Amino acid sequence: MLAEFVKRGRELSENSFKVVSRKNAAKPRSIENKSEIETSNKFQHLMDVEEQETLTEPPKTFIPAINLKLTNDYNLTLQEISRNHPETTNKYDRGYIKITPNSLEDREKKNIDYLNKSEKEYVLSETPDVRPIKIVIKNLSPDHSKENISDELANFKVVRINQLRNFRLKTLLPIFLVELTKTPNVNEIYKIDKLNFFKIKIEPYQKKNRATICYNCSEFCHSARNCRCKPRCIKCNGSHETRNCHIKEKKSKTPPA
Numbered sequence: 214m215l216a217e218f219v220k221r222g223r224e225l226s227e228n229s230f231k232v233v234s235r236k237n238a239a240k241p242r243s244i245e246n247k248s249e250i251e252t253s254n255k256f257q258h259l260m261d262v263e264e265q266e267t268l269t270e271p272p273k274t275f276i277p278a279i280n281l282k283l284t285n286d287y288n289l290t291l292q293e294i295s296r297n298h299p300e301t302t303n304k305y306d307r308g309y310i311k312i313t314p315n316s317l318e319d320r321e322k323k324n325i326d327y328l329n330k331s332e333k334e335y336v337l338s339e340t341p342d343v344r345p346i347k348i349v350i351k352n353l354s355p356d357h358s359k360e361n362i363s364d365e366l367a368n369f370k371v372v373r374i375n376q377l378r379n380f381r382l383k384t385l386l387p388i389f390l391v392e393l394t395k396t397p398n399v400n401e402i403y404k405i406d407k408l409n410f411f412k413i414k415i416e417p418y419q420k421k422n423r424a425t426i427c428y429n430c431s432e433f434c435h436s437a438r439n440c441r442c443k444p445r446c447i448k449c450n451g452s453h454e455t456r457n458c459h460i461k462e463k464k465s466k467t468p469p470a
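The numbering of the sequence shown is the working numbering, which starts it at 214 and goes up by one.
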């Protein structure tokens, strides 16, 4: 049994490899490059049209609204605007009528002109890209001149400079709030560390978590730069801005007798 197994193993080892002559050897086959199979797609043209429309679609223009103050005769104002500009939309929002024109040209040259001529009170909405950037400049002297700061920042478009104050102590703080127009180089302002021979620190303005008050009409949720309403004083309720009021000191509360 063992001898037969050894004999069979020897035969397998001898027949496992054979030398083949060149004549009997298999010739290598050349690989043919077969052309791709074309398939028909009846929706191909629709796909091309969708891609073309996506590429050629113009960017949408954001048109800021005009917030008309609610009055007794607001209906007549809306009728006149709708008669001349039927594509204008109107929506009530927190005591104002939000008027959205169809184009920027209608907004600036037609709707706003009409409201000004008819002496209507309104507040303008603004796009995020036109809102000024607010920064604070620290470590200047409390009596530092705003004009000197503006002169040093001549490479930027300065909108407004205000000095912060401590209302409890009635003193000015060595902190200046500066509003800058958004320009290509506006972020370079944070690289400035010296101003009028002072070592300073410039930081983004951190808005407090409270409602914005307008210093023109003394109402909330909008700023004075966008307000086209009649001025109203907080102190005396007069028809002037609060900063122009003749009352300069805070009245003390007298206890009841």
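Here a beta-carbon is modelled for each residue, glycine too, at the ideal position from N, C-alpha and C.
Remember, predicted model here, so these are calculated numbers, not experimental data.
Problem - Coil, strand or helix - Gln419 by DSSP - result: To locate residue 419, count along the sequence shown from 1; it is residue 206. Note: Gln419 maps to coil in three-state DSSP.
message = According to DSSP, simplified to helix, strand and coil, what is Arg373?
response = Start at 1 with the first residue of the sequence shown, and residue 373 comes out as number 160. Here Arg373 sits in strand by DSSP.
Review point. Quick one: is Arg320 buried, meaning 16 or more other Cβ sit within 10 Å of its Cβ, or exposed?
Key: The sequence position of residue 320 within the sequence shown is 107, counting from 1. Of the residues assessed, Arg320 falls on the buried side of the cut-off, its CB having 16 or more other CB atoms within 10 angstroms.
TODO: Could you tell me if Thr252 is buried or exposed, where buried requires 16 or more neighbouring beta carbons within 10 angstroms of its beta carbon?
DONE: The residue given as residue 252 occupies position 39 in the sequence shown. Exposed, because fewer than 16 other Cβ atoms sit within 10 Å of the Cβ of Thr252.
> Grouping DSSP H, G and I as helix and E and B as strand, with all else coil, what is Glu249?
Replying inline: Within the sequence shown, the letter at position 36 stands for residue 249. Three-state DSSP puts Glu249 in coil, outside helix and strand.
For Ile426, collect the residues of the same chain with a Cβ closer than 6 Å to its Cβ; drop the 5 residues on either side in sequence, then sort them by chain order. Counting from 1 along the sequence shown, the entry for residue 426 is found at position 213. These residues qualify, in order along the chain: Phe433.
Give the range of the beta strand (DSSP E) segment to which Lys359 is assigned. Position 146 of the sequence shown, counted from the first residue, corresponds to residue 359. No beta strand (DSSP E) holds Lys359; the alpha helix (DSSP H) holding it covers 359-365.
Helix, strand or coil, according to DSSP, for Leu337 in the structure here?
Here residue 337 is taken as the residue at index 124 of the sequence shown, counted from 1. Leu337 falls in the strand class under three-state DSSP.
- request: Reducing DSSP to helix, strand and coil, say where Lys282 ends up.
  value: As a position in the sequence shown, residue 282 is number 69, starting the count at 1. DSSP places Lys282 in strand when its eight states are reduced to three.
Worksheet item: Can we count Asn400 as close to the ligand MN, meaning its CB is less than 8 Å from some heavy atom?
Response: For the structure depicted, the ligand MN is absent and the ligand set is empty, with no information on it obtainable.
request  = In angstroms with no decimal places, state the Cα-to-Cα distance between Cys354 and Cys440.
outcome  = Along the sequence shown, read from residue 1 onward, the residue named residue 354 stands at position 141. Along the sequence shown, read from residue 1 onward, the residue named residue 440 stands at position 227. Note that residue 354 is Ser in the sequence shown, not Cys. So the two alpha carbons sit approximately 33 Å from each other.
Buried or exposed: which applies to Thr394, given that a residue is buried once 16 or more other Cβ atoms fall within 10 Å of its Cβ?
-> The residue you call residue 394 lines up with position 181 of the sequence shown. Looking at its Cβ environment, which holds fewer than 16 other Cβ atoms inside 10 Å, Thr394 is exposed.
Practice prompt. Can you give me the start and stop residues for the beta strand (DSSP E) that Leu390 sits inside?
Written response: Your numbering for residue 390 matches position 177 in the sequence shown. 384-393 is the span of the beta strand (DSSP E), which, as asked, contains Leu390.
### Task
State buried or exposed for Asn400, treating a residue as buried only when at least 16 other CB atoms are found within 10 Å of its CB.
As a first step, residue 400 is located in the sequence shown; it is residue number 187 there, counting from the start. Classification of Asn400: exposed, given that the 10 Å Cβ count is below 16.
Check: Closest by CA to Lys347, which one among Ser234, Gln376, Glu360?
Finding: Within the sequence shown, the letter at position 134 stands for residue 347. Per the Cα distances, Gln376.
- Item | Coil, strand or helix - Thr425 by DSSP | Your numbering for residue 425 matches position 212 in the sequence shown. Under the three-state reduction of DSSP output, Thr425 falls in the coil class, being neither helix nor strand.
Of the listed residues Val349, Leu317, Cys430, nearest to Lys273 (C-alpha basis):
Counting from one through the sequence shown, the residue named residue 273 turns up at place 60. Nearest C-alpha to Lys273: Leu317.
task = Report the residue from Ile415, Lys461, Arg423 whose alpha carbon sits nearest the alpha carbon of Phe380.
result = Within the sequence shown, the letter at position 167 stands for residue 380. The alpha carbon of Phe380 has as its nearest neighbour, out of Ile415, Lys461, Arg423, the alpha carbon of Lys461.
Through-space distance from Glu300 to Lys448, alpha-carbon basis: Numbered from 1 along the sequence shown, position 235 holds the residue referred to as residue 448. Numbered from 1 along the sequence shown, position 87 holds the residue referred to as residue 300. Approximately 42 Å between the Cα atoms of the pair.
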